[in-house]
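**Q**
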Amino acid sequence: MARKKKIPVRTCLGCQEKQSKRELVRIVRTPESEIKLDPTGKANGRGTYVCPSEDCLEKALKKDKLKKALNTGVSEEEKEKIRTEWDQFQK
Ligand SMILES: [Zn+2]
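Numbering of the sequence shown is given in UniProt numbering, commencing with residue 1 and proceeding in unit increments.
(1) Specify the secondary structure class of ILE35 as computed by DSSP and reduced to three states.
(2) Please report how far the alpha carbon of GLU78 lies from the alpha carbon of VAL9, in whole angstroms.
(3) Is the region 64-71 touching the region 16-24 in the sense that three or more CB pairs, one from each, lie closer than 8 Å?
(4) Return yes when at least one heavy atom of ligand 1 lies under 7 Å from the C-beta of GLU17, else no.
(5) Would you identify the three-state DSSP class for ARG10, choosing helix, strand or coil?
(6) With a 10 Å radius around its C-beta and 16 neighbouring C-beta atoms as the bar for buried, classify ASP87 as buried or exposed.
(7) GLY14 to GLU23, Cα distance in whole Å?
(8) Provide the residue(s) that pair with ILE27 in DSSP beta bridges, ordered along the chain.
(9) Among the residues of its own chain, which have a CB less than 8 Å from the CB of ALA43, if the five just before and after it don't count?
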């Protein structure tokens with residue numbers, strides 16, 4: 001049996017599938033309470049992860065999922081900002 005390298009795994013907030021951390025996109029609430037996309041995965045703060053798929057992003061932004069994951073209210077403006085950052089990140 002081949003030994004597998006241990007890869008950190010996170011659950012996608014959208015589809016709840018487990019994926020290697022490297023495959024996922026992080027959304028973070030910074031210590032300044034700013035909510036943003038964190039493509040580097042290194043920003044300080046409480047983070048959550050979604051697959052690099054718009055479906056998963058939309059699922060994560062719907063209802064109170066993001067709010068629960070980040071333990072903070074997320075306004076429509078903040079959601080729009082995340083979508084914009086997402087679009088830029090995908091290019
Ligand atoms: Zn997903």
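C-beta: ideal position from N, C-alpha, C; glycine also.
**A** Result, derived from the coordinates:
(1) Of the three classes helix, strand and coil, the one that applies to ILE35 here is strand, per DSSP.
(2) Cα to Cα, GLU78 sits roughly 26 Å from VAL9.
(3) No, they do not touch.
(4) Under cutoff, so the answer is yes.
(5) DSSP places ARG10 in strand when its eight states are reduced to three.
(6) Exposed is the call here.
(7) Distance between the alpha carbons of GLY14 and GLU23 is about 14 Å.
(8) Per DSSP, LEU37 and THR48.
(9) Taken in chain order, the residues that qualify are ARG26, VAL28, THR30 and LYS36.
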